[in-house]
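Counting in the working numbering, the sequence shown runs from 1440 upward without gaps. Every residue, glycine too, gets a C-beta built ideally from N, C-alpha and C. The structure appears right after this line, and notes come after that.
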Amino acid sequence: MSSKLERLSQTLQQVFGDTLQSLVLDRGEVTIEVSAADYLEVARNLRDHEDLHFEQLIDLSGLDYSTYGNAEWAGKRFASVAHLMSVRYNWRLRLRVFAEDDGFPVLDSVCELWASANWYERESFDLYGIMYAGHPDLRRILTDYGFVGHPFRKDFPISGYVEMRYDPEQGRVVYQPVTIEPRENTPRIVREDSYGDVGHG
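As structure tokens, then:
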């Protein structure tokens, strides 16, 4: 571990103390996790504290942990992860927070701290259904406004719930239940009868 990452980790521990639920250094990256109740205040301190100065939000994404690692996940299901950068100190940080309610995930918006969070939070809402309280304009950004569901949730059907098509008789786009038959996407492998026989070939 580099001395720069050690210094960052120590500073985070000093500034936040028990507010940090975890601090992990792995593969040259620092990840901290905080509770939903502390999220906005921790984010504000990450930006404004003289010894941290994370003035840029590089990225923000939603996550669905329901089958994390191809197994049943025991913790909270939905999280939001922000990637922050300090230009002054030339270090980066990952900030993760889990929503308390799996059925209706809500987290504070950080748009007031970093304007770049606006579209990222809209994308996370659209694809994962995570609500960002205090967001100035939380609308869908990638799917159609009449779209039902959130496509990146791991329980969302691949074919969706409804399909849309243009109806020439009505002269408009109509929505209807999906008529696509489910199919098996396993590739069919055709081999010669003698494939694998010793001495063949």
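State the beta-bridge partners of residue i as determined by DSSP.
i	result
His1522	Asp1498, Arg1533
Phe1517	Asp1503
Leu1546	Tyr1571
Leu1462	Ile1471
Going straight from the alpha carbon of residue i to that of residue j, what length do you get?
i	j	result
Leu1447	Ser1548	25 Å
Ser1525	Ser1500	19 Å
Asp1487	Tyr1605	52 Å
Leu1451	Glu1445	10 Å
Ile1580	Asp1632	52 Å
Met1570	Glu1551	16 Å
Gln1460	Pro1544	19 Å
Asn1509	Gln1609	45 Å
Arg1531	Leu1523	6 Å
Glu1480	Ile1471	14 Å
Ala1475	Trp1558	20 Å
Arg1578	Glu1562	9 Å
His1589	Asn1484	32 Å
Pro1596	Asp1490	46 Å
Trp1572	Gly1542	Contrary to the premise, residue 1572 reads as Ala rather than Trp in this sequence. Computed Cα separation, rounded: 16 Å.
Excluding the five sequence neighbours on either side, which residues of its own chain have a C-beta within less than 8 Å of the C-beta of residue i, listed in chain order?
i	result
Glu1602	Tyr1614, Gln1615, Pro1616, Val1617, Thr1618, Ile1619
Trp1512	Tyr1504, Ser1505, Thr1506
Gly1514	Tyr1504, Phe1537
Thr1594	Per the sequence presented here, residue 1594 reads as Asp, with Thr not at that position. The answer, listed in chain order, is Ser1505.
Can you give me the start and stop residues for the alpha helix (DSSP H) that residue i sits inside?
i	result
Gln1453	1442-1455
Apart from the five residues on each side of it in sequence, which residues of its chain come closer than 6 Å, Cβ to Cβ, to residue i?
i	result
Glu1468	none
Ala1518	Leu1502, Arg1535, Phe1537
Thr1582	Asp1565
Ala1482	Val1549, Leu1552
Glu1539	Ala1475
Asp1498	His1522
Considering only residues of the same chain and omitting the five flanking positions on each side of residue i, which have a CB-CB separation below 7 Å?
i	result
Arg1592	Asp1503, Tyr1567, Gly1568
Tyr1528	His1492
Val1587	Tyr1600, Val1601
Please report the residue range of the beta strand (DSSP E) in which residue i lies.
i	result
Ala1572	1570-1572
Tyr1614	1611-1616
Tyr1528	Note, Tyr1528: premise wrong, no beta strand (DSSP E); not H, not E.
DSSP state of residue i, grouped into three classes?
i	result
Glu1480	helix
Phe1564	helix
Arg1592	coil
Thr1470	strand
Arg1604	strand
Leu1486	A small fix is needed here, since residue 1486 is Arg in this sequence, not Leu. Helix at Arg1486.
Gly1508	helix
Trp1553	coil
Tyr1559	helix
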